[in-house]
Amino acid sequence: MKGLVLSGVALAAVVVVLGAFTRLVDAGLGCPDWPGCYGFLSVPVSEEDVAAAEALFPGSPVEQDKAWTEMVHRYFAAGLGLLVLVIAGVAWRQRRPMAIPVALVVLVIAQGIFGAWTVTLKLWPQVVTVHLLGGFGTLALLWVYAIRVGAVPSFPVPGNLARPAAVAIGLVVLQVALGGWTSSNYAALACPDFPTCHGSLLPDMDFGAGFNLAQDVGPNYLGGTMTSDARVAIQMTHRLGAFVVLLAVGWLAFRLAGPVRWTIAGVLVVQFGLGVANVLAQLPLAVATLHNAGAALLLLALITVYAASVGALQHGESNSRAPYPGTPDG
486 MKGLVLSGVA LAAVVVVLGA FTRLVDAGLG CPDWPGCYGF LSVPVSEEDV
536 AAAEALFPGS PVEQDKAWTE MVHRYFAAGL GLLVLVIAGV AWRQRRPMAI
586 PVALVVLVIA QGIFGAWTVT LKLWPQVVTV HLLGGFGTLA LLWVYAIRVG
636 AVPSFPVPGN LARPAAVAIG LVVLQVALGG WTSSNYAALA CPDFPTCHGS
686 LLPDMDFGAG FNLAQDVGPN YLGGTMTSDA RVAIQMTHRL GAFVVLLAVG
736 WLAFRLAGPV RWTIAGVLVV QFGLGVANVL AQLPLAVATL HNAGAALLLL
786 ALITVYAASV GALQHGESNS RAPYPGTPDG
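Each residue of the sequence shown is one higher than the one before, starting from 486 at the first, in the numbering used here.
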């Protein structure tokens, strides 16, 4: 089970990064249908297949590079779904508690539905953002299960840091959601400078339009449909969230000790730096993809700290080593 769950964590991480890469290269509609691609199980390659595909979808000419990017993402996501089913089956056969395996099965099914809607609703920002959060949620839940089955080594964390760690996790999740909203509305380049935006700390912003959750279903949202002021509002809110996360997680790291402190602090500083580099370098593909991966890594690190802190509390210890809750040791 330990090997299965760690494999699931690794595969979920790949799916999250591939999802980010797919969005960043504008390949979200690389295949205009789902789950196939132009009516095929794979990307049409031959002249006859391309002609048939374009006849079937006359408004969507075949772009093989984008289609392959989208399909590779789907293949890995499907593999993750199958692996989650295997994990649930093994957990049932071994008579383990089924809450997390069942939740994982439900989550990957929901992810499949939202993946389909992402295409059929033409990158509707609400669906794209929820799909992103679902990917992070799947990765996080697999990591929690890895901790539960004893696949992650324990380390000393003070028990009184459980609540600050939980707050930090909540802030990071909110920031991930803001990042998804920024990406799905193509607001990452709304401000070309940092920390100012168009030379001002308080540029013109339209928060009503920027955070309008009642956007119409139907338009093709590839490239975004918002005004400049609306996108600036999204970008500036995401920046404010980044500073809040920097302070909250930085304070938590200060309260930790040894390698744990420097791991959390290091991931936090690198992640913040990647965000700044995205603005100043105009969203380089490698940096933007790493920024998504960094968010996932920071989330998993905070979950690990929270689990260790809860383990210490359960053992009546506020400042000493304790196993994770639910592991074979604790």
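Backbone N, C-alpha and C fix where the C-beta goes; we use that ideal spot for every residue, glycine too.
If I follow the unbroken alpha helix (DSSP H) through residue i, where does it start and stop?
i: T789; result: L770 to Q799
i: A588; result: A584 to T605
i: H723; result: S713 to R740
i: A650; result: A647 to S669
i: Q756; result: G743 to L765
i: G693; result: F692 to G695
i: D495; result: Rather than Asp, the amino acid found at residue 495 in this sequence is Ala. Taken as a continuous stretch (DSSP letters only), the alpha helix (DSSP H) holding A495 covers K487 to L509.
i: V642; result: Premise fails: V642 is in no alpha helix (DSSP H) and is neither H nor E.
i: Q549; result: Q549 to R578
Alpha carbon to alpha carbon, how far is residue j from residue i? Give it in angstroms, no decimals.
i: L768; j: R508; result: 12 Å
i: V591; j: G504; result: 20 Å
i: N645; j: F739; result: 14 Å
i: P638; j: V752; result: 19 Å
i: V569; j: V501; result: 15 Å
i: G796; j: F696; result: 39 Å
i: P586; j: R559; result: 22 Å
i: V530; j: Q549; result: 8 Å
i: V613; j: L541; result: 25 Å
i: Y671; j: H800; result: 48 Å
i: I572; j: A631; result: 11 Å
Quick one: is residue i buried, meaning 16 or more other Cβ sit within 10 Å of its Cβ, or exposed?
i: R580; result: exposed
i: F679; result: exposed
i: E555; result: buried
i: A771; result: exposed
i: V702; result: exposed
i: I788; result: buried
The ligand ATP and residue i: does the residue's C-beta get closer than 6 Å to at least one heavy atom of that ligand?
i: T667; result: With respect to small molecules bound, the structure shown includes none, and the ligand ATP cannot be examined in it.
Can you give the beta carbon distance from residue i to residue j, rounded, assuming they're within the 8 Å contact cut?
i: H428; j: G600; result: The chain is shown only over 486 to 815; residue 428 falls outside these bounds and no answer can be derived.
i: A538; j: G515; result: 12 Å between Cβ atoms; not a contact.
Relative to the C-alpha of residue i, which candidate in the options has its C-alpha closest?
i: S602; options: Q720, P643, W519 and R633; result: The identity of residue 602 in the sequence shown is Trp, whereas the question assumes Ser. Taking only the C-alpha atoms, the option nearest W602 is W519.
i: L674; options: L707, F692 and R716; result: R716
i: V642; options: V790, K487 and G488; result: V790
i: T667; options: Q720, V658 and G743; result: Q720
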